[in-house]
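Counting in my numbering, the sequence shown tops out at residue 314, every number present.
Idealized CB from N, CA, C, for every residue including glycine.
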Amino acid sequence: LFLASYIATPNAIPKSLDDLVFRRLGFEPTKPIPDPPPIGGLEYPDPLEVAAPIALRAVLLLGLADELGDELKDLALTKLLQDVELPIARILGDMERCGITLDGAALSGLSKAMATEISDLMSLIHADVGHEFNINSPKQLRSVLFEELGLPAGRKTKTGYSTASGVLDNLVDAHPVVSRILEYRALSKLQSTYIEALPKLVNPITGRVHTTFNQAGTTTGRLSSSNPNLQNIPTRTARGREIRRAFVAHDLDWSLLAIDYSQIDLRVLAHISEDPTMCEAFAEGQDIHTATAARLHDVPLSRVTDEMRRLA
Numbered sequence: 003l004f005l006a007s008y009i010a011t012p013n014a015i016p017k018s019l020d021d022l023v024f025r026r027l028g029f030e031p032t033k034p035i036p037d038p039p040p041i042g043g044l045e046y047p048d049p050l051e052v053a054a055p056i057a058l059r060a061v062l063l064l065g066l067a068d069e070l071g072d073e074l075k076d077l078a079l080t081k082l083l084q085d086v087e088l089p090i091a092r093i094l095g096d097m098e099r100c101g102i103t104l105d106g107a108a109l110s111g112l113s114k115a116m117a118t119e120i121s122d123l124m125s126l127i128h129a130d131v132g133h134e135f136n137i138n139s140p141k142q143l144r145s146v147l148f149e150e151l152g153l154p155a156g157r158k159t160k161t162g163y164s165t166a167s168g169v170l171d172n173l174v175d176a177h178p179v180v181s182r183i184l185e186y187r188a189l190s191k192l193q194s195t196y197i198e199a200l201p202k203l204v205n206p207i208t209g210r211v212h213t214t215f216n217q218a219g220t221t222t223g224r225l226s227s228s229n230p231n232l233q234n235i236p237t238r239t240a241r242g243r244e245i246r247r248a249f250v251a252h253d254l255d256w257s258l259l260a261i262d263y264s265q266i267d268l269r270v271l272a273h274i275s276e277d278p279t280m281c282e283a284f285a286e287g288q289d290i291h292t293a294t295a296a297r298l299h300d301v302p303l304s305r306v307t308d309e310m311r312r313l314a
């Protein structure tokens with residue numbers, strides 16, 4: 003039913019089954035379903051406490067089945083649900099149960115190295131300014147940059163001038179401390195968001211990280227993942243690529259295989275539109291984004307940088 007609703011109204015994605023019931027029927031179940039007991043624990047919920055809220059939702063969802071079935075039939079989308087989305091849901095369920103192995107030792111070593119880098123950066127920043135201050139405090143950072151160093155202030159917020167990365171990017175040439183602050187922020191985020199957080203998400207029984215794939219999470223039809231988001235592991239920096247390499251195959255004699263459709267959507271677009279520039283780029287085996295960047299910046303293909311390609 004959740005997938006049926008998603009297919010029928012992709013621009014109004016419900017956050018949960020309760021939200022789906024509320025959106026479709028205008029009814030909000032007040033009694034929540036109790037949380038499941040901890041894995042490996044000895045406590046079990048009272049069956050009577052669990053049965054009532056589950057039975058209520060079952061009745062409400064059954065009432066939605068006919069409505070959504072008719073809606074998909076009118077939209078000629080029944081085949082999409084039955085032949086595409088439901089089989090994919092089973093595959094994603096298998097993937098979630100399987101999980102992925104994380105090299106804890108590699109992350110531990112990376113954590114120590116990053117901690118040293120962050121500490122060294124902090125010392126350099128304090129030396130540039132001439133005294134210690136809390137780099138993570140927007141108020142103190144604002145005072146140091148715009149009052150003590152007299153750097154040109156940018157966008158003003160309710161609490162004062164912004165110290166957001168977009169603002170600091172424009173001040174990199176104004177003082178050496180700015181680039182160090184940006185690097186400090188980037189490393190600190192990698193440390194807290196990935197290097198320290200990922201090992202805590204390893205399941206104690208399976209020894210693996212089990213993400214949740216959100217099949218009905220985007221209006222474009224793409225998958226997303228959460229807890230943790232394994233589709234957002236950084237790759238643009240050397241440290242980010244080291245974090246990605248910590249995801250390994252289960253056995254030493256196994257390998258992880260990455261398969262890419264190579265811009266299939268743009269290839270279909272080139273075929274349908276018959277755009278000569280796109281067709282030429284694909285026919286000659288060029289990377290379409292590099293080719294676009296070359297035209298955008300009026301430079302040869304050999305002079306296109308990674309940043310130019312990302313912009314293109």
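- Taking 8 Å as the upper bound for CB-CB distance, I90 and Q233 are not in contact here, some 16 Å apart.
- Under DSSP, I102 shares a beta bridge with V211.
- T221 places its beta carbon less than 8 Å from that of P12.
- Using a Cβ distance threshold of 8 Å, Y186 and M116 do not count as a contacting pair.
- The residues L200, P201, V204, R210, V211, A248, F249 and V250, in chain order, have a CB closer than 8 Å to that of L104 in the same chain once the five nearest residues on each side in sequence are set aside.
- Secondary structure at Y163: strand, using DSSP grouped into helix, strand and coil.
- Within its own chain, the residues whose Cβ lies closer than 8 Å to the Cβ of E198, once the five positions on either side in sequence are excluded, are S113, listed in chain order.
- Using a Cβ-Cβ distance cut-off of 8 Å, the stretch 167-175 and the stretch 55-73 are not in contact, since fewer than three pairs of beta carbons, one from each stretch, lie closer than that value.
- At least 8 Å separates the beta-carbon of T32 from that of G101.
- C-alpha of A293 to C-alpha of A188: approximately 30 Å in a straight line.
- As far as DSSP is concerned, V174 takes part in no beta bridge.
- Contact check for I120 against R182 fails: the beta carbons are separated by 8 Å or more.
- Secondary structure at F29: coil, using DSSP grouped into helix, strand and coil.
- Checking the DSSP bridge columns, you'll see V250 partnered with T103.
- In this structure, R246 is the residue among D267, R246 and I266 with its C-alpha nearest to the C-alpha of L258.
- The beta carbons of H291 and R311 sit closer together than 8 Å.
- Between E98 and A10, the C-beta spacing is not below 8 Å.
- Residue pairing by DSSP puts K158 in a beta bridge opposite Y163.
- Annotation for T80: L74 place their beta carbon closer than 6 Å to its own, counting only its chain and skipping 5 residues before and after.
- If you draw a straight line from the Cα of P38 to the Cα of G162, it comes to about 46 Å.
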